[in-house]
Amino acid sequence: QFRALVSISNPGGPHAQSTKHGVHRGMSSVTIPPPACMLRPLEAPFRYLFGPGPSNVPPRVLAAGGRPIIGHMHSEMFGIMNDIKKGIQYAFQTSNNMTLAMSGSGHTAMECALFNIVEPGESVLVAINGIWGERVAEISERMGAKVHTLVKTPGGHFTNAEIEQALAKHKPVLFFLTHGESSAGLVHPVDGVGDICHKYNCLLLVDSVASLGAAPLLMDQQNIDILYTGSQKALNAPPGTAPISFSERACHKMFNRKAKPVSYLLDMTHLSNYWGNDGKPERTYHHTGPVSGFFALRESLAILAETGLENSWKHHTEVAEYFWKGLEDLGLKLFIKDKDLRLPSVTTIAIPEGYNWKELLAYIMKHHRIEFTGGLGPSVGMLLRIGLMGYNCNKANAAMALAALEDALKQLTNCTKK
Ligand code: PMP
């Protein structure tokens, strides 16, 4: 039938060709040849991913992601999504029903929280002490919120008194705080912040993309209203899925909006049905979730459940302390002075005097196949970032990272400072 159609649509025209079966086919529509790169096999070299993420993925999680695809609406897939929901409730320490994973990276969860909770014209308060607050302020501004900020230089943190003062002044509907500020290497205290927010009738939104599984965080006990994370950091799944959870209070606000959220894809009315959270007997099609990504996420959450959250936190702290001591022995200066405020998953060091940070990173990648990174956003040029999280978090990798740094510092002693 296809052959008949094409030969009728182009019966012996200037571009008609005869195939070996003698059938005329119109070829005029293809003007771009197959790209040469596509005729070569995929190349994805092995690298030690010791930056702030993604981190290396354990074989068990890779294997889960490589299993045959099933339909996104099959009952077995819904069973897997139910498991993921339970795994996230454990990882977040929450009993919130409105718990799910976004189809997308950490930014998707960030936008989902803002798009659903905040209506245009409402006030939000954003704590900025690195790039993530900057991003949230920009997204809020784009969607027409009134944005108020509390600002510190990278590495700074906010006292509860400072937060309370700003809440009293601006009366926002939402306050944003980054738990693990990966651009500065800071883990922000959260105790008491939820209570202060609720005193001012404000919801607390916390970003735990870089800290979940590595530093203690207890969603329900700390009265966090919306918490999200990413798959590719301490959870060790491939990038592309992002757990998120909403408290009853947050659900009340987002399901009693005057207008629908601007994003259809991120509308929680639809997503809550897709995840079986809305109490309706049937799930209806909204979008096609990343089936392989969900398989991998389920497996990474299973590893966290088997390990135990407290063991995971303890392990990250022990390895981080071993690593910090090694860095100091090399004469390097840790960017966050107070040990209690250092993020165990992502360590930041001041760029050593007399060195060009880009040359240090390039040398380490070239000679050791190890990725470290520089600063991000407001911390560019201020620091180097080294992540040892989840599967990558062990003393052998810490020792390898230290040896690579020592070698680079020796070899590049004559670099000019930039
Ligand atoms: N928040 C924090 C603290 C992060 O570290 C990151 C990723 N580096 C993000 C948000 C954004 O996540 P993604 O790149 O997965 O969108």
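Just so we're aligned: 239 in full-length UniProt numbering is position 239 of the sequence shown, and the numbers increase by one with no gaps anywhere.
C-beta atoms are modelled at their ideal positions from N, C-alpha and C, and glycine is treated no differently.
For Ile163, there is no enclosing beta strand (DSSP E); the residue is part of the alpha helix (DSSP H) that begins and ends at Asn160 to His170. Every residue with a CB closer than 5 Å to a heavy atom of the ligand PMP is listed here in chain order: Ser105, Gly106, His107, Trp132, Ser182, Asp207, Val209, Ala210 and Gly230. Take Leu265, set aside five residues on each side of it, and the residues of its chain with a beta-carbon closer than 7 Å to its own are His287, in chain order. No Cβ-Cβ contact shorter than 8 Å links Ala184 with Pro344. Closest option to Gln89, judged by alpha-carbon separation, among Ala305, Met365 and Ala408: Ala305. Straight-line spacing of the CA atoms in Trp275 and Glu138 works out to 29 Å. According to the DSSP secondary-structure assignment, Ser245 is paired through a beta bridge with Thr99 and Leu227.
A straight line joining the alpha-carbon of Asn277 with that of Gly354 spans about 56 Å. Out of Thr348, Lys366 and Lys395, the CA that lies nearest to the CA of Glu181 is found in Thr348.
Around the beta carbon of Tyr228, 16 or more other beta carbons sit within 10 angstroms, so the residue counts as buried. Beta-bridge partners assigned by DSSP to Leu204: Phe175. Counted as a single uninterrupted DSSP element, the beta strand (DSSP E) harbouring Ala350 occupies residues Val346 to Ala350. Judged by DSSP in its simplified three-state form, Thr149 adopts strand. Residue environment for Tyr48: buried (at least 16 other C-beta atoms within 10 angstroms of its C-beta). According to DSSP, residue pairing for Ser123 in a beta bridge involves Lys146. For Leu383, the three-state secondary structure derived from DSSP is strand. Only residues of its own chain outside the window of five on either side were considered, and among them Met219, Leu227 and Ser245 have a CB closer than 6 Å to the CB of Phe92, listed in chain order. A contact is defined here as three or more CB-CB pairs under 8 Å, and the stretch 49-61 meets this definition with respect to the stretch 389-408. Under the 10 Å beta carbon count, Phe115 is surrounded by 16 or more other beta carbons and is classified as buried.
If you ignore the 5 residues before and after Arg249, its C-beta comes within less than 7 Å of the C-beta of Leu203 and Asp225, all in its own chain and listed in chain order. When secondary structure is reduced to three states using DSSP, Tyr264 falls in the coil class, being assigned neither helix nor strand. In the displayed model, Val187 falls within a strand according to three-state DSSP. A contact is defined here as three or more CB-CB pairs under 8 Å, and the stretch 317-333 fails this definition with respect to the stretch 371-380. Pairing Ala401 with Glu359, the inter-Cα distance amounts to about 16 Å. Closest in alpha carbon position to Lys339, among Glu318, Trp357, Pro352 and Thr178, is Glu318.
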